[in-house]
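Enquirer: Below you will find the structure I want to go over with you.
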Amino acid sequence: MNNKLDHLEGTLKEHSEILKEYRGILDSHSETFKEHGRILSALRTEQEFLKAEISEMKLQNAKDFGEMKEKLKDHEDSIEILKEETWNNKKSILRVQKTMGLS
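Using our numbering, the letters of the sequence shown correspond one by one to residues 109 to 211.
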């Protein structure tokens, strides 16, 4: 009976050692998971920051585009006015030339 108990005690010690090894492995994995969690959290925070920055850039681009479009419209209007004035000036010059007999 003692022999059987000794054998069981030996087996129990072996299993205890194996469990200690597994406990160490689990602790190591736990630390790794915690570190990965911190990394993921940092990545999410950075991603949110970048999203906000991109949104801000999109808004600024839309604003700049609107301003450029407005300036382009102003320039187009100015060019149209200049065309009309130039045409009117040419007509006036031709009228004066005809009156003076130069054409």
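No residue lacks a Cβ here, since even glycine has one placed at the ideal position from N, Cα and C.
1) What would DSSP say about Gly209, mapped onto helix, strand or coil?
2) Spatial neighbours of Arg131 within its chain, please: C-beta separation below 6 Å, excluding the five flanking residues on both sides.
3) Which class does Met176 belong to by DSSP, given the choice of helix, strand or coil?
4) Return helix, strand or coil for Met109, following the three-state DSSP convention.
5) Return the CA-CA distance between Glu122 and Asp135, expressed in angstroms with no decimal places.
Expert: Reading off the structure:
1) In this structure, Gly209 counts as coil in the three-state DSSP scheme.
2) Taken in chain order, the list of residues that qualify is empty.
3) It is helical.
4) Residue state, collapsed to three classes: coil.
5) Here the alpha carbons of Asp135 and Glu122 stand approximately 20 Å from one another.
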